[in-house]
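**Q** Before anything else, here's the structure in question.
Number of protein chains: 2
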Amino acid sequence: MQKKRGKRIGFVPTMGALHEGHLSLIRLAKKHSDFVIVSIFVNPTQFGPKEDFKKYPRNLKKDAALCQTAGADLIFSPSPEEIYPKGFSTYVNVENLTQGLCGASRPGHFRGVATVVSKLFNIVQPDAAIFGQKDAQQLAVIRQMTKDLDQPVKIIGAPIVREGDGLAMSSRNAYLTQEERKQAVALNRTLLKAKQMAKSGQLKADSVKRELIRLLKHDAPLGKIDYVEIVDNATLRPVKVIQKNTLLALGVKFPSARLIDNIVV
Amino acid sequence: MQKKRGKRIGFVPTMGALHEGHLSLIRLAKKHSDFVIVSIFVNPTQFGPKEDFKKYPRNLKKDAALCQTAGADLIFSPSPEEIYPKGFSTYVNVENLTQGLCGASRPGHFRGVATVVSKLFNIVQPDAAIFGQKDAQQLAVIRQMTKDLDQPVKIIGAPIVREGDGLAMSSRNAYLTQEERKQAVALNRTLLKAKQMAKSGQLKADSVKRELIRLLKHDAPLGKIDYVEIVDNATLRPVKVIQKNTLLALGVKFPSARLIDNIVV
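Sequences listed follow chains F and S, in order. First residue of the first sequence: 4, per the numbering used here; consecutive thereafter. First residue of the second sequence: 4, per the numbering used here; consecutive thereafter.
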């Protein structure tokens, strides 16, 4: 309806449990559009059978209030049955991009993400959609999908929002124990050191990766390294030499939560 | 542009080599819309490596003239590189519906169909799209995909158009030898007999299927039966008892061409 009135629709798809990172997306959407729609949907198809779909935090009332303060005009909060009715059987798959990084330890995750985002784009019909750079692989997958399927939506990446000590904001940070929370700072700190290495001329991906792993093991002993990758930011293919638009990305499994972080050089 | 002017867009996706069947789709689109777009694109991703992608008949000039006589307002005829640029890697998969019937002997075929139709829908932005009932499985797949992905397009099925002797029109009929062409009539004749059987009370799918196979083998000895299936017209799941909306579908491989036909009881 708003679209028919000639307004530009900005769209921020979320799983709720909103934090300052999400709110920054809504504010950015506001700059790129006249009417901002936020979806809140904990999408079952992007969770693995052993992942935290059931315990994922849900608080629609609080989320709705936060959306409003950030300037959202409409919240779309469908039920799982509305999005996946009986007999549902169509999936969107972005091949290649989804094999490595998070995709390796979360098979089917990006199939779920691409499918639900396709659906949401068709329902909401946005002119622009905002995704956080924190899920760098997700952003790359959505960019590729939108381009490949000719979806008429402009994809805008938004910078990572961090806590005071540098930890990337995430709804899953709430799962962390006090000790894990302290060690979790290592993700960002390690990435910053790697960026520093690259800036001071150490451009061999292998060496930087080794150092990243060493630092992570030392500073976050409670965490199990899921991946440390140095890849091209668009294709997500590993690079040998760090250059412009190289993405340093890592995933670490703490006993209470799996965290990810990244930095683009 | 036409859409913005408030016109309803009707869409007929084709692979060209147009015949009277296609023209009937264009005429039907005309009834459901104000502006009819026909796409002509021989879609590489829906052909198997040993199939007839290269030799598939192409005659854009003749097709364009036929489109015009049937009342099309615009022809969209992209190149393979426009539709599948370097790095393309997103595919739409309708699971379940694509395992049986044609899908069994053409793995990947419906993945290619669903992907290109999704793209064309996003490019053309039609209000309604017309597909022939001849490709009954394709029609079911597109209906399911459109519903599952919330694509804002009304899918309209159009009746099969046949030659004087009952052979379903197909661009691939041109491949047939004289002898194969004679025997090809058996597909429709056999389906009509099966429908007659059902009407006269023989509703057991097994018995009807056996009789279909016997008749086909007898009347089309040059053809190798690819499949004979009796299924629900929407879910494509095999039924035991023929009832309303049961689809009788068959595929026969002649040495020069693979033909399909079907009838809904």
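Note that the Cβ used here is the ideal one computed from N, Cα and C, for glycine as well.
Is the shortest distance between the beta-carbon of F/Met-18 and the beta-carbons of chain S less than 8 Å?
**A** If you number the first sequence from 1, residue 18 of chain F lands on position 15. Judged by the 8 Å Cβ criterion, F/Met-18 is not in contact with chain S.
**Q** In chain order, what residues of the same chain have a beta carbon less than 6 Å from the beta carbon of F/Leu-225, not counting five sequence neighbours either side?
**A** The residue labelled residue 225 of chain F in the question sits at position 222 within the first sequence. Within the same chain, F/Leu-225 has close Cβ partners Glu-183, Gln-186 and Phe-257.
**Q** Determine which residues of the region 147 to 171 of chain F have a Cβ less than 7 Å from any Cβ of chain C, and write them out in chain order.
**A** Looking for chain C here will not work: the only protein chains present are F and S.
**Q** Which parts of the region 195 to 242 of chain S are runs of the beta strand (DSSP E), unbroken and 3 residues or longer, counting only runs that do not cross its ends?
**A** Complete beta strand (DSSP E) runs here, min 3: 227 to 235.
**Q** Are the beta-carbon atoms of S/Thr-17 and S/Ile-40 separated by less than 8 Å?
**A** Position 14 of the second sequence, counting from 1, holds the residue named residue 17 of chain S. Position 37 of the second sequence, counting from 1, holds the residue named residue 40 of chain S. Not in contact: S/Thr-17 and S/Ile-40 (Cβ atoms no closer than 8 Å).
**Q** In chain order, what residues of the same chain lie with their CB nearer than 7 Å to the CB of S/Val-164, ignoring the 5 residues before and after it?
**A** Position 161 of the second sequence, counting from 1, holds the residue named residue 164 of chain S. Cβ neighbours of S/Val-164 beyond the five flanking positions: Glu-23, Gly-24, Ser-27 and Met-172.
**Q** Pull up the distance between the alpha-carbon of F/Ala-208 and that of F/Leu-190, whole angstroms please.
**A** Position 205 of the first sequence holds residue 208 of chain F. Position 187 of the first sequence holds residue 190 of chain F. Spanning the two alpha carbons is a distance of roughly 18 Å.
**Q** Let's test the definition: count the other Cβ atoms within 10 Å of the Cβ of S/Ala-177 and tell me whether it reaches 16, buried, or not, exposed.
**A** Within the second sequence, the letter at position 174 stands for residue 177 of chain S. When all chains shown are included, S/Ala-177 counts as exposed.
**Q** Residues in its own chain within less than 6 Å of S/Ala-260 by CB, not counting five upstream and five downstream?
**A** Your numbering for residue 260 of chain S matches position 257 in the second sequence. Cβ within range, chain order: Arg-175, Tyr-178 and Leu-179.
**Q** For the beta strand (DSSP E) that S/Gly-254 lies in, which residues bound it at each end?
**A** The residue you call residue 254 of chain S lines up with position 251 of the second sequence. Per DSSP, S/Gly-254 belongs to the beta strand (DSSP E) from 249 to 256.
**Q** To be precise: take each residue of the region 93 to 108 of chain F, compare its Cβ to all Cβ atoms of chain S, and keep it if any distance is under 7 Å. Which residues remain?
**A** Of all residues in the region 93 to 108 of chain F, Thr-93, Tyr-94, Val-95, Asn-96, Val-97, Glu-98, Asn-99 and Leu-100 have a Cβ within less than 7 Å of some Cβ in chain S.
**Q** Return the first residue and the last residue of the beta strand (DSSP E) that S/Asn-96 is part of.
**A** By one-based count along the second sequence, residue 96 of chain S stands at place 93. That run of the beta strand (DSSP E) goes 93 to 97.
**Q** Find the residues of chain S that neighbour F/Phe-91, judging by a C-beta separation of less than 8 Å, and give them in chain order.
**A** As a working mapping, residue 91 of chain F is identified with position 88 in the first sequence. Here the neighbours are Asp-151.
**Q** Over what stretch of residues does the alpha helix (DSSP H) that includes S/Ser-108 continue unbroken?
**A** Along the second sequence, one-based indexing puts residue 108 of chain S at 105. That run of the alpha helix (DSSP H) goes 104 to 108.
**Q** If you count every other CB in all the chains shown that lies within 10 Å of the CB of S/Pro-162, and 16 or more means buried, which is it?
**A** As a first step, residue 162 of chain S is located in the second sequence; it is residue number 159 there, counting from the start. That one is exposed.
**Q** Give the C-beta separation of F/Val-127 and F/Val-97 to the nearest angstrom, bearing in mind that I take them to be a contact with Cβ-Cβ under 8 Å.
**A** Position 124 of the first sequence, counted from the start, is the residue given in the question as residue 127 of chain F. Position 94 of the first sequence, counted from the start, is the residue given in the question as residue 97 of chain F. Rounded, the Cβ-Cβ distance is 20 Å, inconsistent with contact.
**Q** Does F/Lys-57 get closer than 8 Å to chain S when you measure Cβ to Cβ?
**A** Your numbering for residue 57 of chain F matches position 54 in the first sequence. Judged by the 8 Å Cβ criterion, F/Lys-57 is not in contact with chain S.
**Q** Hey, S/Leu-104 and S/Ala-252: beta-carbon distance below 8 Å or not?
**A** Translated into the one-based positions of the second sequence, residue 104 of chain S becomes position 101. Translated into the one-based positions of the second sequence, residue 252 of chain S becomes position 249. Yes, Cβ-Cβ distance for S/Leu-104 and S/Ala-252 is below 8 Å.
**Q** Output needed for F/Phe-124: all residues of its chain with C-beta closer than 6 Å, excluding positions within five of it in sequence on either side, in chain order.
**A** Start at 1 with the first residue of the first sequence, and residue 124 of chain F comes out as number 121. Contacts found: Gln-154 and Val-156.
**Q** Could you compute how far the alpha carbon of S/Ile-216 sits from the alpha carbon of S/Gly-160?
**A** Taking the first residue of the second sequence as position 1, residue 216 of chain S is located at position 213. Taking the first residue of the second sequence as position 1, residue 160 of chain S is located at position 157. Answer to the nearest angstrom: the Cα atoms are 27 Å apart.
**Q** With distances taken between CB atoms, is the gap from F/Tyr-230 to F/Gly-204 smaller than 8 Å?
**A** As a first step, residue 230 of chain F is located in the first sequence; it is residue number 227 there, counting from the start. As a first step, residue 204 of chain F is located in the first sequence; it is residue number 201 there, counting from the start. Contact: no.
**Q** Quick check: what's the CA-CA separation for F/Asp-76 versus S/Asp-264?
**A** Reading the first sequence from its first residue, position 73 is the one you call residue 76 of chain F. Reading the second sequence from its first residue, position 261 is the one you call residue 264 of chain S. Their Cα atoms are separated by approximately 51 Å.
**Q** Check whether the Cβ of S/Ser-27 lies closer than 7 Å to any heavy atom of the ligand ATP, and answer yes or no.
**A** Ligands in the displayed structure: none, and consequently the ligand ATP is not present.
**Q** How would you write the range of the alpha helix (DSSP H) that F/Thr-72 sits in, first residue to last?
**A** Looking up residue 72 of chain F in the first sequence gives position 69. Counting along the chain, the alpha helix (DSSP H) containing F/Thr-72 begins and ends at 63 to 73.
**Q** Go through its chain and collect everything with a Cβ distance to S/Val-211's Cβ below 8 Å, but skip five positions before and after it.
**A** Numbered from 1 along the second sequence, position 208 holds the residue referred to as residue 211 of chain S. Once the five neighbours on either side are set aside, the close Cβ partners of S/Val-211 are Ala-197, Met-200, Ala-201, Gln-205, Ile-233, Ile-245 and Leu-251.
**Q** Given a limit of 7 Å on CB to CB distance, which residues of the region 106 to 138 of chain F reach chain S?
**A** Those would be Ser-121, Lys-122, Asn-125 and Ile-126, in chain order.
**Q** Using three-state DSSP, classify S/Pro-129 as helix, strand or coil.
**A** Residue 129 of chain S sits at position 126 when you count from the first residue of the second sequence. DSSP places S/Pro-129 in coil when its eight states are reduced to three.
**Q** Quick one, which of S/Asn-248, S/Phe-38 and S/Ala-20 has its alpha-carbon nearest S/Lys-10's?
**A** Walking along the second sequence from the start, residue 10 of chain S turns up at place 7. Measuring from the Cα of S/Lys-10, the nearest candidate turns out to be S/Phe-38.
**Q** Anyone know if the C-beta pair for S/Pro-129 and S/Gly-51 falls short of 8 Å?
**A** By 1-based counting over the second sequence, the position of residue 129 of chain S is 126. By 1-based counting over the second sequence, the position of residue 51 of chain S is 48. Not closer than 8 Å, so no.
**Q** What whole-angstrom Cβ distance do F/Thr-93 and S/Gln-147 have, given they're in contact under 8 Å?
**A** Taking the first sequence and counting its residues from 1, one reaches residue 93 of chain F at position 90. Taking the second sequence and counting its residues from 1, one reaches residue 147 of chain S at position 144. Confirmed, about 6 Å.
**Q** Which of the three DSSP states, helix, strand or coil, is assigned to F/Phe-50?
**A** Reading the first sequence from its first residue, position 47 is the one you call residue 50 of chain F. Residue state, collapsed to three classes: coil.
**Q** For the beta strand (DSSP E) that contains S/Val-15, what are its first and last residues?
**A** On the second sequence, residue 15 of chain S is found 12 positions in, with the first residue counted as 1. Looking at the DSSP string, the run of the beta strand (DSSP E) that includes S/Val-15 is 12 to 17.
**Q** Quick one: what does DSSP say F/Ile-43 is sitting in, helix, strand or coil?
**A** The count along the first sequence starts at 1 and reaches residue 43 of chain F at position 40. Strand, per DSSP.
**Q** How would you call F/Ser-108, buried or exposed, if buried means at least 16 neighbouring beta carbons within 10 angstroms?
**A** Taking the first sequence and counting its residues from 1, one reaches residue 108 of chain F at position 105. Flag for F/Ser-108 reads exposed.
**Q** Buried or exposed: which applies to S/Gln-71, given that a residue is buried once 16 or more other Cβ atoms fall within 10 Å of its Cβ?
**A** Position 68 of the second sequence, counted from the first residue, corresponds to residue 71 of chain S. Per the 10 Å Cβ criterion, exposed.
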